[in-house]
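Chains as they are written, first to last, in my numbering: chain A, 381 to 742; chain B, 381 to 742; chain C, 381 to 742; chain D, 381 to 742. Glycine residues also receive a C-beta, built at the ideal position from the N, C-alpha and C atoms. See below for the structure under consideration.
This is the structure in structure tokens:
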């Protein structure tokens, strides 16, 4: 469908998904964002998606998100307007929006730790308005957007905003997955599956995935898991130890964010192994250092830096990585409330990533 | 003093420090060890020392150590006898005894993780008789002993059996200490001081050391700490955060082994920082993953592998590392019970490493 | 076929492929090898193969190989006899023979550089008799043989003696192949194809392979090359630069061993790239440091260490790596002279690896 | 001395050292630079220095440098004026000028390879006017300048513009200098001495330095070389091999830039060693790959990226690194022609780094 000519409201207003306090969301009219700093870009959103974190926000779990905030930190779009100091893009360029805003100048950015950028980090759909809208303002556009080749599918690219770099950086890279390793991934939700897909880039010998949900385990198997373990009987540790002839696993990736799943990781890790935490935790965990002090293990935490986005983009572009496999549902952007309903009942709805497309203004 | 001629008992008996159950130790007559396997060596011990772990054993904390065991896993000596398959040494060679026995063949040894050698690891003075004796049997001599150049002082070399590789591998290497880093070491006992000495090999900008004991902090300052923090008022965290302008430290080395000191580490670590655990823990710790999940930190545990022993030996040999600085007291081997008394009251006696020399049979 | 009962000659004699001076080889009777050192094993060879290096030896190019030497440094077999100090194997065990003999004790072995073992390294079929025989003596058996699971195919395993670890270690690991990289492999002979197979373990975006032979390029394509370049017109550099939009490649793997192919590597390497030499060179090369001094490149050389053999074995065992793809021809061991003829005319015969099976004594 | 009030010419003119074609330089009047892009800064130069590269330029060796160019790519100064998009600095801030201009946005900058920044790199005093002037325009100021703490001495800081990061990154970091290593540095000019100073940050056991000039070798000894070798008799290789008991060195740093010194490096490198090229070469070298193919060596080239500048600044600030040791002569900026005369006769004048101070406008 052709984009309508500029006619009054259409050029200044837009629709957006707005957080209205715990439990409340609305698809409402909002003014379009405008350039605030010379390094900003305004992006017309063509594809976006919902993250598990958005559900946490809606529960009121994140005090940094206040009522009135437009949610969303993932997406693909087209440059609509540029600040005078954006050097790398032109109006009309197709771009991938990173969930992490990076100034490119601070000491954290200079060492590749964009997640802790002193004036950026994860701010989209959190401290500033996000991507679940027709338009979004992206600060530090030069270093927070990526040019998208025409051949790359929008849906696939949207998986590079957050979910795939998160699985890769927090899980696979931090877990130092190597050819021949035995890897266990605890949790077969979208982020666990993202770890599963990207772990295969390093050719482990085995990838065991653990979840309570049989359907997700089936999906995991279809995405490359060599063994699946249903943990609903509380015997996941025993099963994994048996699978490894009591040696334990080289890498345990925690992709849930609760003490129980963290416990599985510390119970199955082999001497010399790596526990890579991906899950967002709300409570402390008991770390069994009285046993593990002599185990030569490495435990890592990380907020995704999206430093691997350019590399993932090359892999998607060359056809080596099929990022679309994570998408289970597709909706018009205007149907986003329905999409949220589906995503909130992910197990029942057999939902992985739910993609929203804004075809009305293309 | 010249070694006496072979006369009966002298060739078959020896004196040794024997664990006799919780709280009990004795300096008693024992038969000399003999070659059991072709890869064994019998070493006449000329210098040994006491480890903090020996005190734990004496308290009965280590179930692997049974009554009747000769203690000790550190020392220097002279090859007295060799199994037929020891290829690297000759009778009369001066050798450094590693605290870790390594077969050199198993998959752990082949990847440099000697601590988890499938038939070795830390067994000396634990599962087999140790070095606090006139003679000791060393299994897998080719890969568990190091030739000692004549110029290297015995006392200095004894510090390479365990304490310096432990500080270096578990603390400094695992903590990835780099030039310009701010390093905090929690605990100024021998192992904390070993971390302090070896951290300087990598030129951090600052080394802050924390302890309850003013004397140890003074020693630490003389050994290269740039800042010292007395934690007896419970305000160590506040002080370190103030010293770093609230940025936290790049590396926190836990060199005590209790929840309180682990807590200091997790409270002062900067985003992107490394917590390297050296301490032997008897209880789990509460890990504040609800705060640290997004901190991009790395937490490591390790039983020393002694893979750095050859490197440390080069540094001691070339004069770049003054390992003797860790020695506070010296005794004849026959005075070992007295040495234990001193070492058990380390704070009061201002004891660091207590060296035992066997001059009677040299 | 059942192995004949011990009857005189059968227990002391064997057949072997013997180098008899430049240009001469014979399949002749030789005494069976016997245990010389307690760390030796005698292996009954069930599968072996011919290496390009064997052809060099036959030309008289290697002064270390003297007339009368049994050739061969690759193979799979069964333990026939063990020295008293071999701890890891039993008679009858199926084993993979590494082309590199490693004592496991010297400083080179202790840092994983088995190729430079002070009493081992590449000695099989070079300084001592090799594997192209019914029996072979393997020194330092504990650290030079690998236990072979029953499920692993002999042919596949034989590819792990030399060719696959060489392609992987000298080419892929030294070239630091990473996900998303553009890799060029110069030479599509067996070692170039081994680099091609193992490069895919790290998921590069593109693998361009260069050769003069159209058939080999076809094979390369079927083994995973994404682009092939026939260099017979002397325009390989231009083509690769065009393929990379003049950016050059991230990794250039030299798998031939002559100045011309080395030149291609240094002409196509991107700033920050790695040139990994695998080829055995007989002449110096001109290195264009007047251009490359500012290119931030890394150039590596390496004799295979076979440190990756255990990892490759896991990948073959788990089905992730199909090592048999490198085998083009199969013969009885007794037909080895014919196999040499084929292998010497590899291009014409479309030969890759030529496998010899000793079924007569199984 | 107080800075004069703004009075006509003083605010628009300045003095600068200008290249006027091969062999010609002049200290002449030039207009002050002005902001061209919003990311620029104008810096009042308070300290600068002369690089060996400047001498090459004066010989006409660098075609990128055209007549009329103001030379110089090192220095310290004070922010005089800022483009509207410089976010990290304020007028009056004391800053260190990096010899490498980095946009912070391109793919090379994002991976820390600032030397190959697509619109920056080494352009100062090369493709744009440089620092040997009263004022200089610095593009991409946010990512090409470093805030200088008041306590850091200007002279010391000036050594961080180029010479120390060059010795460190191209020589020491690329050479992977580790504790216990034997390091050889070929060339005791300023950049060799910079490698010498920074190599010590990683505690090698020995640092052997080679030069033709006895005085420079004396200086090297005073700066930490443990052995010095005068190569004027052509026997440097023999001497170094003798010093290492024919084992060769772990790291050879080429700090001259001619085939003879490159040859020394490839002749003395041990198996497993690293050759790190720092020198700027004008001719190809013969690389003895016919011998080194099996040596497991790594050879690197690099144009300094100045990624280590923040780290070096911390070390200078904390007193761990005495960067001023490289300064041999000091002049007023207005005496720069005299300074060039001295620096051109470095051996005779016993000159290392020659510092120019602009006290007239402080």
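Contact check, residue 621 of chain D vs residue 676 of chain C, beta carbons under 8 angstroms: no
Amino acids of chain B, ordered along the chain, whose beta-carbon sits closer than 9 angstroms to that of residue 680 of chain A: 676, 677, 678 and 679
Environment of residue 525 of chain A [buried if 16+ CB atoms lie within 10 Å]: buried
Whole-number beta carbon distance between residue 574 of chain D and residue 589 of chain D, since they are thought to touch under 8 angstroms: Not really, about 12 angstroms apart at Cβ, beyond 8 angstroms.
DSSP beta-bridge partners of residue 709 of chain A: A:734
Residues in the region 414–447 of chain D having any Cβ partner in chain A nearer than 9 angstroms: 417, 418 and 419
Chain-ordered neighbours of residue 662 of chain B on chain A, where CB pairs are closer than 9 angstroms: 670
Same chain, Cβ closer than 6 angstroms to residue 359 of chain B, neighbours up to 5 away in sequence not counted: This structure cannot settle anything about residue 359 of chain B, because the visible part of chain B is limited to 381 through 742.
Span separating the alpha-carbon of residue 678 of chain D from that of residue 662 of chain D: 22 angstroms
Contact residues within the region 556–577 of chain B, judged by C-beta distance below 7 angstroms to chain D: 559 and 560
Exposure label - residue 517 of chain A; buried when at least 16 CB within 10 Å: buried
Partner residues on chain A for residue 481 of chain D, Cβ-Cβ distance less than 9 angstroms: Near residue 481 of chain D there are no residues of chain A at all, since even the closest Cβ is about 14 angstroms away, more than 9 angstroms.
Listed by chain order, chain A residues near residue 652 of chain B by CB distance under 8 angstroms: 488, 491, 493 and 496
Candidates B:650, B:531 and B:543: closest to residue 455 of chain B by CA position: B:543
Partner residues on chain A for residue 700 of chain C, Cβ-Cβ distance less than 7 angstroms: 583 and 585
Residue burial classification, residue 737 of chain B (beta-carbon count within 10 angstroms, cutoff 16): buried
Extent of the continuous alpha helix (DSSP H) to which residue 432 of chain D belongs: 432–438
Any chain A beta carbon closer than 8 angstroms to residue 449 of chain D: no
For residue 567 of chain C and residue 659 of chain C, believed in contact at Cβ under 8 angstroms, the rounded distance: 7 angstroms
For residue 394 of chain B, the three-state DSSP class (helix, strand or coil): strand
Closest residue to residue 701 of chain C among A:582, A:402 and A:671 (Cα-Cα distance): A:582
Span separating the alpha-carbon of residue 521 of chain D from that of residue 474 of chain D: 13 angstroms
Near-chain B residues of the region 460–473 of chain C - C-beta to any C-beta below 7 angstroms: 464, 465, 467 and 468
Contacts of residue 485 of chain D in chain A (Cβ-Cβ under 7 angstroms): 467, 468, 484, 522 and 523
Sub-8 angstroms separation of residue 656 of chain C and residue 551 of chain C beta-carbons: yes
Bridge partners - residue 531 of chain A, DSSP secondary structure assignment: For residue 531 of chain A, which the question treats as bridged, DSSP gives no partner whatsoever.
Unbroken alpha helix (DSSP H) run spanning residue 716 of chain B, endpoints: 716–724
Check whether residue 577 of chain A and residue 555 of chain A have beta carbons under 8 angstroms apart: no
Residues that DSSP places opposite residue 469 of chain A in a beta bridge: Partner(s): none; residue 469 of chain A has no beta bridge.
Closest residue to residue 721 of chain D among D:414, D:435, D:499 and D:415 (Cα-Cα distance): D:435
Close Cβ partners of residue 717 of chain D (< 6 angstroms) along its chain, the five nearest in sequence each way excluded: 407
Meets three-Cβ-pair contact criterion under 8 angstroms: the region 426–445 of chain A and the region 481–501 of chain A: no
Unbroken beta strand (DSSP E) run spanning residue 552 of chain C, endpoints: Looking at the DSSP string, residue 552 of chain C is not in any beta strand (DSSP E), and its letter there is neither H nor E.
Where the beta strand (DSSP E) through residue 562 of chain A begins and ends: 562–566
Residue(s) in a DSSP beta bridge with residue 405 of chain C: C:399
Given 8 angstroms, three or more beta-carbon pairs between the region 647–656 of chain A and the region 459–469 of chain A: no
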